[in-house]
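Written out below as structure tokens is the structure these notes cover.
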Amino acid sequence: MSDRPSLLELALTFNHIAIASFGGGLSAWSREVLVIEKRWMEDEEFLSAVTMCRILPGANQVNLAVFVGVKFRGIPGALASVFGLTLIPVLLVLVLAYFYFQYHEIPAVAGILKGAAAAAVALTLSMVVKTGRKCLGGVVPVLLFLAVFLLNGIIRWPLLACLSLLAPLALVWAWPKEKQP
Amino acid sequence: MNLPRLIQVFLLFSSLSILSIGGGNTVLPEMHRKAVGDYHWLTDKQFADVFAISQAAPGPSILIVTMIGYKAAGVVGAFVATIAMMIPAGLLVYLVSRIWERAKDSPARKAVEKGFAPLTVGLIFASALIMSKAADHGWQAFVLTGICTFIFCTTKINPIFVVAVAGFIGWLGWV
Numbered sequence: 003m004s005d006r007p008s009l010l011e012l013a014l015t016f017n018h019i020a021i022a023s024f025g026g027g028l029s030a031w032s033r034e035v036l037v038i039e040k041r042w043m044e045d046e047e048f049l050s051a052v053t054m055c056r057i058l059p060g061a062n063q064v065n066l067a068v069f070v071g072v073k074f075r076g077i078p079g080a081l082a083s084v085f086g087l088t089l090i091p092v093l094l095v096l097v098l099a100y101f102y103f104q105y106h107e108i109p110a111v112a113g114i115l116k117g118a119a120a121a122a123v124a125l126t127l128s129m130v131v132k133t134g135r136k137c138l139g140g141v142v143p144v145l146l147f148l149a150v151f152l153l154n155g156i157i158r159w160p161l162l163a164c165l166s167l168l169a170p171l172a173l174v175w176a177w178p179k180e181k182q183p
Numbered sequence: 179m180n181l182p183r184l185i186q187v188f189l190l191f192s193s194l195s196i197l198s199i200g201g202g203n204t205v206l207p208e209m210h211r212k213a214v215g216d217y218h219w220l221t222d223k224q225f226a227d228v229f230a231i232s233q234a235a236p237g238p239s240i241l242i243v244t245m246i247g248y249k250a251a252g253v254v255g256a257f258v259a260t261i262a263m264m265i266p267a268g269l270l271v272y273l274v275s276r277i278w279e280r281a282k283d284s285p286a287r288k289a290v291e292k293g294f295a296p297l298t299v300g301l302i303f304a305s306a307l308i309m310s311k312a313a314d315h316g317w318q319a320f321v322l323t324g325i326c327t328f329i330f331c332t333t334k335i336n337p338i339f340v341v342a343v344a345g346f347i348g349w350l351g352w353v
């Protein structure tokens, strides 16, 4: 990577992602910014990083910020990315906490949030459509996709249970085939 | 400043950080047991309320710990809780991503990138479903979601603009 983003750019980018995700959909926003807008990574690398960040302990989005930060700028990059991702949300949540514990009510933003949440779900769905077009060619990937959706989304198995069942199958399917000598 | 309380906050959230396999929300029951049951930092109702507030706010979903830290030990407590929740897990991600970078051309990494892609798309589809359930969507919200999805899939309109318009529609009380 010849034109690595600077620390400031990492912080500003993750700040942008955090602010945009008002109402939710942080994963979809991350792809929108990191893959589409900035072209810092390809869809395949992004998607596998997302799942690794889900498996590892910690908040998924904080983990992704660490992952991307380390990729470009090592530990300082990770700190800059996490700082950018969390600073304004933390300050906002602090203000809300103050109002809540002081006056026992939250500034009335419920309606706005409801609308924004509907759009955030839509952005997440559109990410499924766009990335699905690329990686769901063939019977096996479609079956993997449906199986994990069913187990995690409908039956609500924990993530680890879903993946310990399906990840080995996915890896066997995806392992690069060696040419026979 | 209440130092023993701050140390309690730090120890609780840094241990929860390392336990939160699968995302921050997986340790909510344990967080509730400790913060409400053992330490009495906040009541049951307050815990439910700060959870709702933290989910609606922008940014990562673990910011509930910022609010609990604030209630336990003021503004300093809020920052201590937030940092404690991120450091242990962050260190682990750092180690894994270093190994990952080094394994750039290995067959294992190729298999993970190709094989995990359909699983990730399925998990994200599942999270869209869970998000709309958590937001308690009525039929108006589903219509709005449908229209927005169509716009996102077929046009190049900036998503921020669409989210803002949807927020405005929500403000008008239509969803």
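As you go down the protein sequences, you meet chains A and B in turn. Just so you know, we're using this note's numbering here: the first sequence kicks off at 3 and counts up by one. Just so you know, we're using this note's numbering here: the second sequence kicks off at 179 and counts up by one. The beta carbon of each residue, even a glycine, is placed where N, CA and C say it ideally should be. Since the structure is predicted, the reported quantities are computational estimates derived from the model, not experimental observations.
Cβ neighbour criterion (16 or more within 10 Å) applied to residue i
i                            : result
glutamate 34 of chain A      : buried
tryptophan 219 of chain B    : buried
threonine 333 of chain B     : exposed
glycine 76 of chain A        : exposed
serine 8 of chain A          : exposed
aspartate 222 of chain B     : exposed
phenylalanine 294 of chain B : buried
glutamine 104 of chain A     : exposed
leucine 70 of chain A        : The identity of residue 70 of chain A in the sequence shown is valine, whereas the question assumes leucine. Classification of valine 70 of chain A: buried, given that the 10 Å Cβ count is 16 or more.
lysine 311 of chain B        : exposed
tryptophan 317 of chain B    : exposed
glutamate 291 of chain B     : buried
aspartate 216 of chain B     : exposed
asparagine 62 of chain A     : buried
proline 170 of chain A       : exposed
Backbone CA spacing between residue i and residue j [nearest angstrom]
i                           : j                           : result
alanine 201 of chain A      : aspartate 283 of chain B    : Outside the shown range of chain A, which is 3 to 183, sits residue 201 of chain A, and nothing can be said about it.
proline 266 of chain B      : methionine 54 of chain A    : 16 Å
lysine 212 of chain B       : glycine 237 of chain B      : 24 Å
isoleucine 261 of chain B   : leucine 152 of chain A      : 35 Å
serine 193 of chain B       : isoleucine 157 of chain A   : 29 Å
proline 59 of chain A       : serine 198 of chain B       : 5 Å
histidine 210 of chain B    : valine 187 of chain B       : 13 Å
isoleucine 57 of chain A    : valine 123 of chain A       : 22 Å
isoleucine 19 of chain A    : arginine 135 of chain A     : 24 Å
valine 72 of chain A        : serine 50 of chain A        : 16 Å
isoleucine 240 of chain B   : methionine 264 of chain B   : 9 Å
arginine 41 of chain A      : aspartate 5 of chain A      : 11 Å
threonine 351 of chain B    : arginine 287 of chain B     : Inspection of the sequence shows that residue 351 of chain B is occupied by glycine rather than by threonine. Distance between the alpha carbons of glycine 351 of chain B and arginine 287 of chain B is about 48 Å.
glycine 345 of chain B      : alanine 234 of chain B      : 12 Å
leucine 148 of chain A      : glycine 300 of chain B      : 6 Å
valine 341 of chain B       : threonine 133 of chain A    : 21 Å
leucine 184 of chain B      : phenylalanine 16 of chain A : 28 Å
glutamate 11 of chain A     : valine 243 of chain B       : 27 Å
phenylalanine 74 of chain A : serine 83 of chain A        : 10 Å
alanine 13 of chain A       : leucine 322 of chain B      : 32 Å
The ligand NAD heavy atom lying under 6 Å from the CB of residue i
i                      : result
proline 160 of chain A : Absence of the ligand NAD from the depicted structure is noted, as is the absence of any ligand whatsoever, leaving it without description.
Min CB distance residue i to chain A below 7 Å
i                            : result
leucine 206 of chain B       : no
alanine 251 of chain B       : no
methionine 209 of chain B    : no
valine 254 of chain B        : no
phenylalanine 191 of chain B : no
isoleucine 277 of chain B    : no
isoleucine 265 of chain B    : no
arginine 335 of chain B      : The amino acid occupying residue 335 of chain B in the given sequence is isoleucine; arginine does not appear at that position. With 7 Å as the cut-off, isoleucine 335 of chain B does not count as an interface residue toward chain A.
isoleucine 199 of chain B    : yes
Short CB-CB distance (under 7 Å) between residue i and chain B
i                         : result
serine 50 of chain A      : yes
asparagine 154 of chain A : yes
tryptophan 42 of chain A  : no
isoleucine 21 of chain A  : yes
valine 131 of chain A     : yes
proline 91 of chain A     : yes
glutamate 46 of chain A   : yes
Closer than 8 Å, Cβ to any Cβ of chain B: which residues of the region 52 to 85 of chain A, in chain order? Val52, Thr53, Met54, Cys55, Arg56, Ile57, Leu58, Pro59, Gly60, Ala61, Asn62, Gln63, Val64, Asn65, Val68, Phe69, Val72, Lys73, Ile77, Ala80 and Val84
Identify every run of the alpha helix (DSSP H) within the region 65 to 137 of chain A, keeping only runs that are complete inside it and at least 4 residues long; order them along the chain. 112 to 137
When you check each C-beta in the region 218 to 232 of chain B against every C-beta of chain A, which residues fall closer than 9 Å? Leu220, Gln224, Asp227, Val228, Ala230, Ile231 and Ser232
Could you list the residues in the region 93 to 124 of chain A with a C-beta less than 7 Å from some C-beta on chain B, going in chain order? Leu94, Val95, Leu96, Leu98, Ala99, Tyr102, Phe103, Ile108, Gly113, Ile114, Leu115, Lys116, Gly117, Ala118, Ala119, Ala120, Ala121, Ala122, Val123 and Ala124
Chain-ordered residues of the region 287 to 305 of chain B with a beta carbon less than 9 Å from chain A: Arg287, Lys288, Ala289, Val290, Glu291, Lys292, Gly293, Phe294, Ala295, Pro296, Leu297, Thr298, Val299, Gly300, Leu301, Ile302, Phe303, Ala304 and Ser305
In chain order, each alpha helix (DSSP H) run of at least 4 residues that lies wholly inside the region 219 to 257 of chain B: 222 to 234
Compile a chain-ordered list of the residues in the region 5 to 32 of chain A whose CB is closer than 8 Å to at least one CB of chain B. Ala20, Ile21, Ala22, Ser23, Phe24, Gly25, Gly26, Gly27, Leu28, Ser29, Ala30 and Trp31
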